[in-house]
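Written out below as structure tokens is the structure these notes cover.
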Amino acid sequence: MTAAGSGARSAGLRYVRALTIASVAAASATLLLPRGNRPVVWGALMIALAAQAPLGWWLVGAVGQPRFLGIWAAGMLVRLALVGVLGMFVVPVAGWPGDRLLIPLVAFLTLFVLLEGVVLMMQHSRVEI
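And the structure:
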């Protein structure tokens, strides 16, 4: 295996670990919420994970390639479209509480995007954590 392949695999494993830790921490933090809000926030977390896991994996695997910026932009557009479609169509039709779903969803997506940056920074810096 080449050094570049090893680096991509290492970044991918770091990404999976970081995403798992952040998700468990977020799910645990929901226990501090009132019991009635928990299912909606857990739903937001699951939706965010379903979108973020493949998008982040795709981005981490594209580091150092010419398509990196295009993948990053596509991922951001997918996240924006997800929030838009949920907010404009799914939430009103399903009768879900929009504020209790969309605010945590955006917060989780933001957390996961920041996590991508941290994983990539760790992969391409000389600092070992």
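Position one of the sequence shown corresponds to residue 86 (the numbering used here), numbered consecutively onward.
All residues carry an ideal CB built from backbone N, CA and C; glycine is no exception.
On a predicted model such as this, the values are computed, not experimentally measured, just so you know.
Taking the alpha carbon of Gly299 as the point to measure from, which residue in Leu144, Val125 and Ala114 has its own alpha carbon closest? Because the chain in this structure spans residues 86 to 214, residue 299 falls outside the shown range and cannot be described.
Whole-angstrom C-beta distance between Leu140 and Val163, which should lie under 8 Å: 6 Å
Considering Cα atoms alone, identify which of Leu194, Asp184 and Val204 is closest to Asn122. Asp184
So is Ser210 buried or exposed if we call it buried at 16+ other beta carbons inside 10 Å? exposed
Start-to-end residues for the alpha helix (DSSP H) that takes in Gly169: Run containing Gly169: Phe153 to Val170, per the alpha helix (DSSP H) assignment.
To the nearest angstrom, how far is it from the Cα of Ala192 to the Cα of Leu130? 9 Å
With burial defined as no fewer than 16 other Cβ atoms inside 10 Å of the residue's Cβ, what is the status of Val170: buried or exposed? exposed
Assuming Arg102 contacts Met207 under a Cβ cut-off of 8 Å, what Cβ separation, rounded to an integer in Å, is found between them? Arg102 to Met207, Cβ: 11 Å. No contact.
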